[in-house]
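Quick notes on the structure that follows.
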Amino acid sequence: MRLLFLSLLFTCTYASQCQLDHECKEGVCRDGICEKLNPFSKGCLQTLAGRNLDAEHYNLRVCNSADGKESNDCIPPKFEYDEVRIAPGNWESSILIAWIYQIILSEIYGVPTTIEMGDGKSGQNGSFYDPDNRFLYPSQVYPIDALIEASRHDGDCSATSKPCAHILPEVWDGGNIAGVKEARDQGHLLNIESNGIIGGMGYYIPAHTADAHPSFASFYGLRGDGNRAELAREFKIPTTWKMYCELFPLDCAAGESVAKRYPNETDEENSYFVRDLYDGHFRLPDNIDTCEQDGDCIGHIVGPHCSWTTYVENQMFHNDIHLSSKGPVEPNNGYSYSSMIEIWKAANATKSHVLIWWWTPDLLLEEFAESQEFSFHRVTLPSPTEECLNYRSEVLNELKCSADTNERKGEAIGSCDYAVIPLRKLISAGLRTSSLSGGEIALESPANTFLKQIYLAEYSLSHIFRKITKFDEGDRTDLAFRESLCEWVYENVDELTSYAPKGFPREKKFMSYAPIEYTGYTLGTIALILSVTTAICTFIWRDNAAIKSAQLNVLSSMVVGYVIASISSLLHALVFTSDALCTLQEWTLHLAYSLELVPILIKVSAINRLGREARLFRRAQIDPNRFRKFLSSSLAIILLYLIHWTLFDKPKRDDDLEVLEEGETTTVAIYAGCSSSSPVWAIMALSWESIILLSSTILAYQSREVIKQLSESKWLTFLVYSHSMFLIVRLVVQILFFSKMILSSLTSKITAITLSLETICAILIYFLPKFLIAYRKEEVHTIQYQTHRTSMNPSHFRNTHHSSSNQRRHIVRRSCFKTSVNVPIRGVPHVIRGSLSASGNIDVSALRSRVSESTNASNQKNQTVKSRNSVVSMPRPQSILESSIYMGESEEEEVIGDIESLLKKKNVNNSQLSDLKETSPSKEETAKDKKGEKLDSLVSKSEIELLKKTVEQLQKENQDMKKGRKVSFNKRDEGSKANT
């Protein structure tokens, strides 16, 4: 137990010694413990700046598709740049260049960047920011198909699961040239650009081999049959660890010489060198004894796979050099990149001679550059010519991976040495498409211009390789690659960023149309306060005749619409917005208009209908539930439409951007706006509102004569015209937006102001007059009016006239219609209550007829009636019936008695009464005056006589009509004549 405690104490004491990442040999310091993690997972520049206490501030790298949604190692991109994928080759220099591009794009320009490893997945494996700190080799050499795939999807690699890339950072001339030319001809590739590095390929021997065999430094000392046996004995075949243990099992079991043990796994079995475990081994050909006698010995050369820019078989055969590669990779028996490195290190460990195909710049050359025995020494071949190079690019590149050995050998014209090569980079046309962002300059990505223009100095990779070889005593660890590369980038960041396009990196700043937005906020707030106040006043005065006459349910719907419209105006005026707010803007806007306009349409249509019926002297039969049905149906339609709009093409945030040059800083100004993918949705919504207002406007115009007589309806028509004017403004704004003459952000702000003003004007026009009347509490008079019908022809309707002079101008008709009109002293009537016959006609209300007191009304054409102590002038019958309709149940009825009760009060005998019963309404249709006032003053004895004669005449006419005779009136009173 004591030993366990001491062990734990020692472990904690040792772990506490780790305080900083650089104190760990490989990995990072986590809670005092060194863990094998990537210290640069949050960014290269920021990490080194923190270590060096540099005043220069660098942000975290931007997140890419390989990062988790809640990753703490990165920040979201400021701009929605499309992600860039880089596809390096499966060698170190190509991987390091890809990492340089990734660091600058991710940490300086804010462009998400990942590494394509040949599997079509944008994972962190292969990335500089791999949390597990792995250095992995891709599976591809020149993935031209990945560039074509990016071009086919307009640069959007997220749209495909196939390998997809925007750039190959290092391409050697001759590498799959045929595929490159075809891709360029089809428009999938941009012009081939130089990456700045000068490369060279060739054959190399160790320095000690050149010292021992100086002739081997040139093809002259290698060629000919006389060198066959020597080449076979000097350049032996490398042996894998597994094969060595099969050849020398006792040695592997003893573990005291070349192999310290048997290999444990597949990677070890196929290894040619493993540090401290297997030093490597080179063996003579199996037929060495016989070949020397027969003269057909062949030595060994370490050649790459045919997919690389290599012509080993062609060059060896046509230069008469009897060497061949015996590697495991078909069809040309080449070796993989890692195997070639192991073979060179095994030759160094065993002091063996080796001849290898290699290139520069590369880490292996830098690693052995200071070795006196194993530095690379170039073997020369015949000088390259234009004919030789053209033959390779046009013919041999197509044949070097053929299964036929003779085809791979090709013609002698292609056997020259390798020329010095400026290394290239291939860029997919999809990168240009995605970087341009549909032509929006403010959204243009710097990736395309940067990757085209960046030009690494010739010595850049040599410096990086030298740092790697010196890191941690030359141990080629995964951390060594990242530390060395990041240090070089940090030292040369100014030069690397000089290749960016002008105006990058950019800053983002939310801007606003300050005066317009402040106006929108102010008017929206005023409209909201006014709407809420209107709702409160309507509720407080709900029992007032002024509110009742306009119908509480109608006013309530309109007030709710105005409140929602005010909220919508404030939402449209917001500087910052989101997809949810954009959707809410459209919902509140169109719901508000439906709640405002549909009640107006119903009311105006009712006035129009009543006026039409009045001109025909017919009773208007109106369904009390008509308002509720129409409003519910309209709201159901607009709600269903808004639901479909949200599901299929939801309004989303659509920012308007503008690039502002402010000294050395470039700012992208963002103006928040909203729009849908298709303008059809907004057009249809506007069409719906236009149809409602257009219908209301037409009906209001048709009812203009009624409007003159109905004071409430006058304000109603002003309201319709007001809404129409504002709708025209909205239509003009939308047309300008659809034609791209104004931006979506400005459209929203103008809509906010329009909505606010429309709401304020509507309340002032329609509600304010009612509130003033209710506030003054004006006294109300009651006018009772009685209309009778003479025949089935609407043109022969007449009214009973009551005048102060008791002139006899009366006609009693078969049907009776009685109403009472409440008239305020100031002359604005509030309500009409009607009680009709048993036919079921309902109440009418809200007669807006200006009534004036007059003492000489008997001389006018208009009928006059007595109302208490005043003589009041009423319009002609057809005008009186042109009234708005009360779409609810009557709460109070003030009617006159029927003719029968009236005659009884005038002492009319039963025989006279029986003659009148045919034309008198039933008692069930009548009601007594609710205030109990007597009607004696309304009928004189002379009038009773007139009624009696008229009834007799009507009875006769009725009998004639039943017999099919034509009936005509005799001259009455003034001698007028009317045809039935």
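With mature numbering (1 follows the signal peptide of the UniProt record, and there is no 0) applied, the sequence shown corresponds to residues -15 to -1, 1 to 965, in that order. Quick reminder that beta carbons are idealized off the backbone N, C-alpha and C, glycines included.
Within the same chain, and ignoring the five residues on either side of Ala334 in sequence, the residues whose Cβ sits closer than 8 Å to its Cβ are Phe258, Asp264 and Gly265. For His42, the three-state secondary structure derived from DSSP is coil.
Rounded to the nearest whole angstrom, the C-alpha separation of Arg638 and Asp564 is 5 Å.
Here the alpha carbon of Lys487 sits roughly 52 Å from the alpha carbon of Ile676.
Bridge pairing for Trp343: Gly187 [DSSP].
Its chain contains Ala577, Leu740 and Thr744 as the residues whose beta carbon lies nearer than 6 Å to that of Ala550, once the 5 sequence neighbours on both sides are disregarded; these appear in chain order. In this structure, Glu502 sits near Lys734, with a CB-CB distance shorter than 7 Å. The residue among Ile511, Leu678 and Ala512 with its C-alpha nearest the C-alpha of Leu716 is Leu678. Contact between Leu269 and Arg218 is confirmed by a C-beta separation of about 7 Å, below the 8 Å threshold.
With the rule of 3 Cβ pairs closer than 8 Å, the segment 430 to 450 does not count as touching the segment 184 to 199. CA-CA distance, Asp170 to Leu408, rounds to 21 Å. Looking at Ser242, Glu241 and Tyr229, the one whose alpha-carbon comes closest to that of Pro248 is Tyr229. The alpha carbon of Leu175 has as its nearest neighbour, out of His151, Trp157 and Ile182, the alpha carbon of His151. The Cβ atoms of Gly288 and Trp329 lie no closer than 7 Å to each other. Among the bridge pairs identified by DSSP, Phe495 is matched with Ile655. For Ser309, the beta-bridge partners assigned by DSSP are His285. By the C-beta criterion, the segment 43 to 54 is judged to be in contact with the segment 89 to 103, since at least 3 inter-stretch pairs fall below 8 Å. Rounded to whole angstroms, the separation of the alpha carbons of Pro316 and Ile286 is 16 Å. The DSSP-derived three-state label of Val126 is coil. For Thr224, the secondary structure class from DSSP, reduced to helix, strand or coil, is strand.
When the beta-carbon positions are compared, Leu340 and Ile190 come within less than 7 Å of each other. DSSP places Ser143 within a helical segment (H, G or I) once states are collapsed to three.
Three or more Cβ pairs drawn from the segment 20 to 29 and the segment 113 to 124 lie within less than 8 Å of each other, which places the two stretches in contact. In this structure, Asp402 keeps its C-beta atom at 7 Å or more from the C-beta atom of Pro431. Counting the other CB atoms within 10 Å of its CB gives Glu155 a total of 16 or more, which places it among the buried residues.
With fewer than 16 neighbouring CB atoms inside 10 Å of its own CB, Ile525 falls in the exposed class. Bridge pairing for Asp641: Tyr656 [DSSP].
Using a C-beta cut-off of 8 Å, the segment 543 to 562 makes no contact with the segment 660 to 667, since fewer than three inter-stretch Cβ pairs fall below that distance. If the five residues before and after Glu253 are omitted, its C-beta is found closer than 7 Å to the C-beta atoms of Trp226 and Val259, all from its own chain and listed in chain order.
Between the beta-carbon of Phe302 and that of Lys245 there is about 40 Å, and that puts the pair past the 8 Å contact cut. Between Met102 and Pro123, the C-beta spacing is below 7 Å. Short of 6 Å from the beta carbon of Ile82, and not among the five residues preceding or following it, lie these beta carbons of its own chain, in chain order: Pro154 and Glu155.
Between Ser400 and Asn318, the C-beta gap is not smaller than 7 Å, which leaves the two residues out of contact.
Assignment of beta-bridge partners to Tyr320 by DSSP yields Pro289. Within the same chain, Gly187, Tyr188, Tyr189, Ile190, Phe201, Ala202, Ser203, Phe204, Leu207 and Leu340 come within 8 Å of Val364 by CB-CB distance, once the 5 residues on both sides are set aside.
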